[in-house]
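Okay, structure first, notes after.
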Ligand SMILES: [Zn+2]
Ligand SMILES: [Zn+2]
């Protein structure tokens with residue numbers, strides 16, 4: 001109840017703040033307020049108001065696959081300033097399952113998370129994690145890895161599970177094909193994804209409190225992408241995701257599909273680039289006009305002892321850190337860096353899981369503060385300069401800048417020195 | 001360090017240790033437990049999650065098992081383990097072995113003991129033992145001891161040798177202690193050995209008490225080593241030999257029923273490994289310990305009984321210690337849709353924010369947060385038990401507490 005009252009207040013203030021210059025899209029339960037657009041590139045800073053709180057974009061969304069952010073409590077995640085995180089429909093649909101989720105009154109309650117949740121459709125995991133899965137017009141048919149039973153995940157089923165999870169943003173079930181595949185299967189998948197979008201929209205029981213995002217497909221084929229964009233943008237959906245990328249395709253193909261998608265997506269709706277989370281990708285794709293990102297990488301790599309820093313990463317399990325008594329990043333304000341040294345975390349990795357928690361906290365803090373810095377630079381109309389500084393810090397020299405990033409940035413008028 | 005006793009009933013003592021720490025800023029209520037850590041960290045917890053606990057013990061226990069391998073690092077760091085591990089505002093008690101880790105035998109010699117870190121065995125002479133203490137800089141530490149006789153059926157001769165060795169280690173430790181600037185202000189605790197041989201226990205205690213030690217560590221009384229009856233008999237004989245003004249730490253005993261019995265026998269301090277063991281087997285402490293002034297009112301701490309027996313299969317917990325009657329096994333299917341807190345009325349972070357069904361889910365999916373939340377609850381519950389124990393001693397209601405704690409037992 002509290003959440004819905006809060007939402008009304010938030011929406012009220014958003015609407016009250018409408019000025020002639022500012023574009024507002026308000027298809028409940030979501031409002032996007034564009035605060036600033038970079039005069040040089042396609043970057044933008046927005047306030048995205050969702051049922052549980054307002055999200056400042058560009059935003060990185062940490063992934064809490066099974067209804068938990070690894071070893072981090074929901075309070076710790078909130079303290080880091082996280083306004084939205086992910087849950088995985090496939091995993092949560094299997095365990096604990098929609099029945100328990102209904103009884104728990106949704107995932108927010110179950111995991112005690114007060115801010116927003118985004119859930120994926122489950123399609124991607126099904127195809128990538130389950131060996132025996134088969135896609136038909138009906139849906140994805142697969143064998144449960146837990147009891148061997150055959151299960152059909154249809155668009156309706158996916159939305160039913162996501163309705164039981166109660167996420168603030170749900171994703172449509174899409175027909176996922178590997179981004180390296182070519183030929184008629186890509187077109188079939190794209191067209192099926194459009195049909196499944198319509199079925200998902202029709203199946204949403206809670207359009208008043210759960211947003212459904214469409215996912216743009218079309219592989220690495222510009223014509224198919226455009227066709228998909230044209231069809232999907234005709235639908236009344238509150239937001240769009242760019243899907244089917246970050247699956248091992250060449251970076252040159254990847255960014256071209258991203259920039260093509262943002263060219264055709266409506267300005268007034270949020271754009272979510274799925275599965276992207278390396279720092280340089282985030283910065284470049286913000287320049288290309290994306291607002292939201294998610295990736296398991298920062299939290300997964302943390303558990304292997306890899307700490308993200310503005311100049312790359314530190315492999316804390318390596319012997320070179322055994323006697324390094326500095327914090328991971330002396331300029332970082334996260335709870336880990338305020339209290340612990342590289343040497344201590346190195347030692348702790350040998351005996352306790354808390355070592356992983358320390359690095360997970362730092363890495364989430366890194367991602368979130370990177371995005372806050374990106375946003376501040378857009379709001380202050382100095383984003384191109386931010387990108388240049390970021391690149392200088394991340395790479396030892398101009399020669400080591402990745403080509404694709406240099407080229408992608410050049411297309412949005414950001415030249416690197 | 002000054003021990004003040006508020007109330008003594010036969011052997012049983014309720015008191016406080018005052019003027020602890022370099023500037024005397026700390027105190028420790030007795031009886032109490034130590035904060036269990038590995039490598040200076042309470043398992044699974046970060047500073048934030050640890051700070052959600054209300055009754056944190058004032059003394060943190062660290063073991064050479066988890067620290068010996070970091071000696072070189074600590075030596076270079078120069079500021080001791082407290083700062084190295086980011087543990088602010090606590091006292092450090094350093095003991096030899098981790099009571100929650102498997103114990104090894106056959107490696108103790110006349111001159112050395114062995115500890116086991118992540119990289120395997122590390123053998124320590126007294127000189128090395130003291131060099132390690134110098135790098136760690138504890139406030140209290142146990143002297144080097146031959147504790148191998150906790151194994152079943154050592155010969156009388158072996159037990160006698162263990163007592164002799166331990167006394168000679170103590171003398172060497174004491175002499176090196178005085179020469180070590182870094183250990184100024186720290187206290188050595190003498191170790192009482194003697195396995196289950198009454199005469200050797202008494203000899204060990206009597207001889208140790210003659211030395212200038214800050215307190216006593218009673219070793220070899222571990223839960224697996226002997227019955228509570230025998231333990232009580234031996235402890236009482238040992239305590240008769242010990243001065244009243246110094247604290248007595250018991251190693252290897254953590255079950256609430258045993259704690260209650262040993263407090264009656266005159267023990268002041270216990271290790272805190274038990275809540276960790278409970279956590280590792282996916283269980284939550286649930287025994288009742290609150291003495292309500294009004295016996296008619298509903299109990300605040302936990303359900304009195306778990307009416308439905310838990311699944312048999314979930315009772316086999318592999319290499320972990322066996323589940324005790326003081327806990328519930330959250331992996332059991334009956335909790336999958338149980339939306340109660342772990343213990344009704346518990347004020348811990350876990351119980352205030354999460355439900356049994358969520359913990360069940362985290363355990364079934366092997367999620368790291370399960371360990372975090374269970375550790376928070378189990379620590380809070382265990383420390384709450386000690387709080388209640390002290391209250392019961394003050395009001396002369398130990399028997400009522402014993403009844404309360406034991407009634408939930410299967
Ligand atoms: Zn940090
Ligand atoms: Zn609790």
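Protein chains in written order, with the UniProt record's numbering: chain B, 1 to 417; chain Z, 1 to 410. Where is the CB? At the ideal position from N, CA and C, for every residue including glycine.
| task | Identify whether residue 409 of chain B lies in helix, strand or coil by the three-state DSSP scheme. | result | Numbered from its first residue, the first chain carries residue 409 of chain B at position 409. Of the three classes helix, strand and coil, the one that applies to residue 409 of chain B here is helix, per DSSP.
| said: Check this for me: beta carbons of residue 174 of chain B and residue 123 of chain B, under 8 Å apart or not? | reply: The residue labelled residue 174 of chain B in the question sits at position 174 within the first chain. The residue labelled residue 123 of chain B in the question sits at position 123 within the first chain. Yes, the Cβ-Cβ distance between residue 174 of chain B and residue 123 of chain B is below 8 Å.
| residue 255 of chain Z, DSSP secondary structure in three states | The residue given as residue 255 of chain Z occupies position 255 in the second chain. DSSP places residue 255 of chain Z in coil when its eight states are reduced to three.
| task | Please name the residue or residues paired with residue 26 of chain Z in a DSSP beta bridge. | result | Here residue 26 of chain Z refers to the residue found at position 26 of the second chain. In the DSSP output, where bridge partners are listed per residue, residue 26 of chain Z has Z/20.
| message | Taking the alpha-carbon of residue 162 of chain Z as reference, which of Z/105, Z/389, Z/185, Z/132 has the nearest alpha-carbon? | response | Within the second chain, residue 162 of chain Z is the residue found at index 162, counting from 1. Here the closest residue by C-alpha is Z/105.
| said: Strictly below 8 Å CB to CB, what residues from chain Z border residue 344 of chain B? | reply: If you number the first chain from 1, residue 344 of chain B lands on position 344. Under the 8 Å cutoff, chain Z gives 40, 84, 85, 86.
| message | Quick check: does the Cβ of residue 354 of chain Z come within less than 7 Å of any heavy atom belonging to ligand 2? | response | Taking the second chain and counting its residues from 1, one reaches residue 354 of chain Z at position 354. No; taking the cut-off as 7 Å, the Cβ of residue 354 of chain Z has no heavy atom of ligand 2 nearer than that.
| message | Would residue 124 of chain Z and residue 269 of chain Z qualify as a contact pair, given that the criterion is a beta-carbon distance under 8 Å? | response | Reading the second chain from its first residue, position 124 is the one you call residue 124 of chain Z. Reading the second chain from its first residue, position 269 is the one you call residue 269 of chain Z. Going by C-beta atoms, residue 124 of chain Z is not nearer than 8 Å to residue 269 of chain Z.
| Using a Cβ-Cβ cut-off of 6 Å (strictly less than) and excluding sequence neighbours within five positions of residue 357 of chain B, which residues of its own chain qualify? | Within the first chain, numbered from 1, the residue matching residue 357 of chain B stands at position 357. Hits under 6 Å: 71.
| request: Rank Z/44, Z/237, Z/91, Z/65 by C-alpha distance to the C-alpha of residue 23 of chain Z and give the top, closest one. | output: Mapped onto the second chain, residue 23 of chain Z falls at position 23. When each option's Cα is compared against that of residue 23 of chain Z, the closest is Z/91.
| message | Would residue 197 of chain Z and residue 159 of chain Z be called neighbours here (beta carbons separated by less than 8 Å)? | response | As a working mapping, residue 197 of chain Z is identified with position 197 in the second chain. As a working mapping, residue 159 of chain Z is identified with position 159 in the second chain. Cβ atoms of residue 197 of chain Z and residue 159 of chain Z: closer than 8 Å.
| Any chance the CB of residue 342 of chain Z is under 7 Å from a heavy atom of ligand 2? | Taking the second chain and counting its residues from 1, the one referred to as residue 342 of chain Z is at position 342. Yes; taking the cut-off as 7 Å, the Cβ of residue 342 of chain Z has a heavy atom of ligand 2 nearer than that.
| query | Between residue 325 of chain B and chain Z, is there a C-beta pair that is closer than 8 Å? | reply | Here the question's residue 325 of chain B lines up with position 325 in the first chain. Judged by the 8 Å Cβ criterion, residue 325 of chain B is in contact with chain Z.
| request: May I have the straight-line CA-CA distance separating residue 329 of chain B from residue 273 of chain Z, to the nearest angstrom? | output: For this step, residue 329 of chain B is matched to residue 329 along the first chain. For this step, residue 273 of chain Z is matched to residue 273 along the second chain. Distance between the alpha carbons of residue 329 of chain B and residue 273 of chain Z is about 34 Å.
| said: My assumption, with CB atoms under 8 Å, is that residue 61 of chain B sits in contact with residue 46 of chain B. Please give the rounded CB distance. | reply: The sequence position of residue 61 of chain B within the first chain is 61, counting from 1. The sequence position of residue 46 of chain B within the first chain is 46, counting from 1. Not a contact, Cβ separation roughly 15 Å.
| Looking only at C-alpha atoms, which of B/68, B/409, B/48 sits nearest to residue 367 of chain Z? | Sequence index remark: in the second chain, residue 367 of chain Z carries index 367 (1-based). Among B/68, B/409, B/48, the Cα nearest to that of residue 367 of chain Z is on B/68.
| field | Any 3 or more C-beta pairs closer than 8 Å across the segment 78-87 of chain Z and the segment 107-119 of chain Z | value | no
| field | Within 9 Å of chain B by C-beta, residues of the segment 93-124 of chain Z in sequence order | value | 117, 118, 119
| query | Should residue 378 of chain Z go down as buried or exposed, given a rule of 16 or more other Cβ atoms within 10 Å for buried? | reply | To locate residue 378 of chain Z, count along the second chain from 1; it is residue 378. Counting Cβ neighbours within 10 Å, residue 378 of chain Z comes out buried, since at least 16 surround it.
| request: Specify whether the segment 315-326 of chain B and the segment 292-300 of chain B touch according to this definition: at least 3 beta carbon pairs, one from each stretch, less than 8 Å apart. | output: no
| For residue 141 of chain Z: DSSP bridge partner residues | For the purposes of this step, residue 141 of chain Z is taken as the residue at position 141 of the second chain. For residue 141 of chain Z, which the question treats as bridged, DSSP gives the partners Z/94, Z/188.
| said: Tell me the rounded alpha-carbon separation between residue 310 of chain Z and residue 329 of chain Z. | reply: To locate residue 310 of chain Z, count along the second chain from 1; it is residue 310. To locate residue 329 of chain Z, count along the second chain from 1; it is residue 329. With a pLDDT of only 49 at residue 310 of chain Z, under the threshold of 50, the placement of this residue in the model should not be trusted; the figure read from the coordinates follows. When rounded, the distance between both Cα atoms is 8 Å.
| field | Where residue 331 of chain B falls, given that 16 or more other Cβ within 10 Å makes a residue buried | value | Locating residue 331 of chain B in the first chain gives position 331, where the first residue counts as 1. Exposed is the call here.
| field | Per-residue DSSP class, three states only, for residue 285 of chain B | value | One-based indexing of the first chain puts residue 285 of chain B at position 285. Looking at residue 285 of chain B - three-state DSSP - the assignment turns out to be helix.
| With 16 other CB atoms within 10 Å as the buried threshold, where does residue 182 of chain B fall? | On the first chain, position 182 is the one that residue 182 of chain B refers to. So residue 182 of chain B ends up on the exposed side.
| Sorted by chain position, which residues of the same chain lie with C-beta nearer than 6 Å to residue 345 of chain B's C-beta, five sequence neighbours on each side aside? | The count along the first chain starts at 1 and reaches residue 345 of chain B at position 345. Result list for residue 345 of chain B: 316, 355, 358, in chain order.
| Collapsed DSSP secondary structure at residue 400 of chain Z in the structure displayed | As a first step, residue 400 of chain Z is located in the second chain; it is residue number 400 there, counting from the start. It is helical.
| task | Look up residue 133 of chain B in the DSSP assignment and give the residues it is bridged to. | result | The residue you call residue 133 of chain B lines up with position 133 of the first chain. Partner(s): B/142.
| task | May I have the straight-line CA-CA distance separating residue 188 of chain Z from residue 325 of chain Z, to the nearest angstrom? | result | For this step, residue 188 of chain Z is matched to residue 188 along the second chain. For this step, residue 325 of chain Z is matched to residue 325 along the second chain. Spanning the two alpha carbons is a distance of roughly 36 Å.
| field | Cross-chain neighbours of residue 43 of chain Z in chain B, by beta carbon under 8 Å | value | As a working note, residue 43 of chain Z is residue 43 in the second chain. Correct list: 352, 353, 354.
| From the beta carbon of residue 238 of chain B, is the nearest beta carbon of chain Z less than 8 Å away? | Taking the first chain and counting its residues from 1, the one referred to as residue 238 of chain B is at position 238. No, its Cβ sits nowhere closer than 8 Å to a Cβ of chain Z.
| query | Using 8 Å as the limit for Cβ to Cβ distance, is residue 357 of chain Z near chain B? | reply | Within the second chain, the letter at position 357 stands for residue 357 of chain Z. Closer than 8 Å: yes.
| task | Grab me the residues of residue 185 of chain B's own chain with a C-beta within less than 7 Å of its C-beta, minus the 5 sequence neighbours each way, in chain order. | result | As a working mapping, residue 185 of chain B is identified with position 185 in the first chain. Correct list, in chain order: 177.
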